[in-house]
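Everything in the sequence shown is counted per the working numbering, starting at 861 for the first residue and increasing by one.
Cβ atoms here follow ideal geometry from the backbone N, Cα and C, with glycine treated the same way.
This one's a predicted model, so the numbers in the text were calculated from it and none came from an experiment.
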Amino acid sequence: MPAHLIDGKAIGAAVRAEIRDRAGEFSARTGIRPCLAAVLVGDDPASRVYVRNKGKACHETGMLSRQIDLPATLPENDLLALVAELNADPAVHGILVQLPLPGHIDESRVIEAISPDKDVDGFHPVNAGRLLTGGRCFVPCTPLGIMKMLDHESVDLKGKHAVVVGRSNIVGKPVALLLLARHATVTICHSRTKDLPAVVRSADVVVAAIGKAEMIRGAWLAPGAVVIDVGINRLPDGRLVGDVAFEEAREVAGKITPVPGGVGPMTITMLLHNTLEAATRMATSV
Ligand code: NDP
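Here you go:
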């Protein structure tokens, strides 16, 4: 029997409806509209689409967004000065600087300049450190969206073997920590892992965050495994595919996310969640 499809679009829409309600209640109670400032440096077309979609999603949930477009030649110090201004602006609750940045700008310097209280991407080392130690923090949006999907599907993680393929700071490492916090036994794999198919075969839950089209094959999976495919890869024929060979995998897996329509819609949804959370925390701390 083919696997149950985990419909990120439907789950994302349901979560966004909840966020819209909560944002409406928050604004009615405090007179504050949560506001996300999105900074775009340069004119990378994909980044432009991402930033536009984030702004649109804010408006659809009753929040404000401010898009700041800057030229690719912007000096690093000017970007740091803008981030300092946004940090100090009480009308801005969340700040995101769209990555990647042009080569002459040090990304980690910019990320570290964002106030941890407005770091709705969850990339600041203070938030990363708190995630590691179990403190209150902003969790990066894709890993948070993955956990939301697993909860929505009532996947019991306690004592289960979760295999995360990929160890980036944005996806692999934080999702591994979140799974660990939920009492899964977690293995993190990467490009030097020996016999990846054998490791994947031992997983109850597989999270693929590699960036290699259809690398994880159906034959690598244990029957009934839950498969979360984070990858977004464009094939030469224009098709968008994940890191998992979907048609093969769905014959073996118990539950699986499609690409597109799986993890992707959850990522922006969790950015909205974090922006509302930032505004709520700011309102209660004054
Ligand atoms: P990175 O390129 O930062 O990390 C990729 C990871 O995959 C690395 O840890 C790398 O290992 C590992 N890897 C590469 N090749 C292999 C291999 N042959 N075997 C095992 N592991 C391998 O990518 P990201 O984490 O940023 O993104 C991963 C994918 O997820 C991309 O397709 C990206 O587009 C997508 N993505 C999707 C999002 C969404 O909203 N749906 C959001 C963010 C990302 P090593 O460390 O050893 O190099």
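Should residue i be counted as a contact of the ligand NDP given a C-beta to heavy atom distance under 6 Å?
| i | result |
| --- | --- |
| V1067 | no |
Leaving out five residues on either side along the sequence, give the residues of the same chain with a beta carbon under 6 Å from the beta carbon of residue i.
| i | result |
| --- | --- |
| L1004 | M1130 |
| R926 | A897 |
| T1002 | V1031, T1127 |
| R1027 | K1033, I1048, H1050 |
| L934 | V901 |
| A973 | L940, V943 |
| S887 | R893 |
| N947 | S975 |
| V986 | P976 |
| H964 | none |
Can you name, in chain order, every residue of its own chain whose Cβ lies under 7 Å from the Cβ of residue i, other than the five neighbours on each side?
| i | result |
| --- | --- |
| V1101 | A1073, E1074, N1093, L1095, V1119 |
| L865 | I1116, P1118 |
| L992 | L1037 |
| P950 | none |
| T921 | R876, I879, R880, A883, L1132 |
| H919 | S925 |
| P1125 | G868, K869, G872 |
| R1077 | A1105, E1108 |
| L959 | E967 |
| R1110 | P862, A863, I1116 |
Please return the same chain residues whose Cβ sits closer than 8 Å to the Cβ of residue i, not counting the five positions on each side in sequence.
| i | result |
| --- | --- |
| V1059 | V1023, T1047, C1049, T1053 |
| T1045 | G1019, K1020, H1021, A1022 |
| R1061 | W1080, L1081, A1082 |
| V1123 | G868, T1002, G1005, I1006, M1009, I1088, D1089, V1090, T1117 |
| R996 | R990 |
| D929 | L900 |
| A1186 | The structure shown does not extend to residue 1186, since the chain is modelled only from 861 to 1146, so the question has no answer here. |
| A917 | R876, I1128, T1129, L1131, L1132 |
| G1121 | D867, G868, K869 |
Using only the heavy atoms of the ligand NAD, determine whether one of them is closer than 6 Å to the beta carbon of residue i.
| i | result |
| --- | --- |
| A932 | Looking at this structure, you won't find the ligand NAD anywhere; what it does contain is the ligand NDP. |
Can you list every residue whose CB sits closer than 7 Å to some heavy atom of the ligand NDP, going in chain order?
-> Cβ-based neighbours of the ligand NDP within the cut-off: T1002, V1025, G1026, R1027, S1028, I1030, V1031, G1032, C1049, H1050, S1051, R1052, T1053, L1056, A1069, I1070, G1071, K1072, M1075, V1090, G1091, I1092, N1093, D1103, V1123, G1124, T1127.
Whole beta strand (DSSP E) elements within the stretch 923 to 1005, 3-residue minimum | Complete beta strand (DSSP E) runs here, min 3: 924 to 930, 954 to 957.
In chain order, which beta strand (DSSP E) runs of at least 3 residues are fully inside the stretch 1039 to 1118?
-> Taken in chain order, the complete beta strand (DSSP E) segments of 3 residues or longer contained in the stretch 1039 to 1118 are 1045 to 1049, 1065 to 1068, 1086 to 1089.
Validate contact between the stretch 938 to 949 and the stretch 879 to 886 using beta carbons, cut 8 Å, 3 pairs | With contact defined as three or more Cβ pairs closer than 8 Å, the stretch 938 to 949 and the stretch 879 to 886 are not in contact.
The stretch 966 to 977 in contact with the stretch 904 to 922 per 3-pair CB rule at 8 Å = Too few Cβ pairs lie closer than 8 Å, so no.
For the stretch 1034 to 1050 and the stretch 1073 to 1087, state whether three or more C-beta atom pairs, one from each stretch, are separated by less than 8 Å.
-> With the rule of 3 Cβ pairs closer than 8 Å, the stretch 1034 to 1050 does not count as touching the stretch 1073 to 1087.
The stretch 1006 to 1022 touching the stretch 975 to 994, judged by at least three CB pairs closer than 8 Å = Flag = no, the stretch 1006 to 1022 and the stretch 975 to 994 do not touch.
What are the start and end residues of each continuous beta strand (DSSP E) run of 3 or more residues lying completely inside the stretch 872 to 911, in chain order?
-> If we require 3 residues or more, the beta strand (DSSP E) runs fully inside the stretch 872 to 911 come out as 895 to 901.
Does the stretch 1133 to 1141 come close enough to the stretch 1014 to 1021 that 3 or more CB-CB pairs lie under 8 Å?
-> The stretch 1014 to 1021 vs the stretch 1133 to 1141: no contact.
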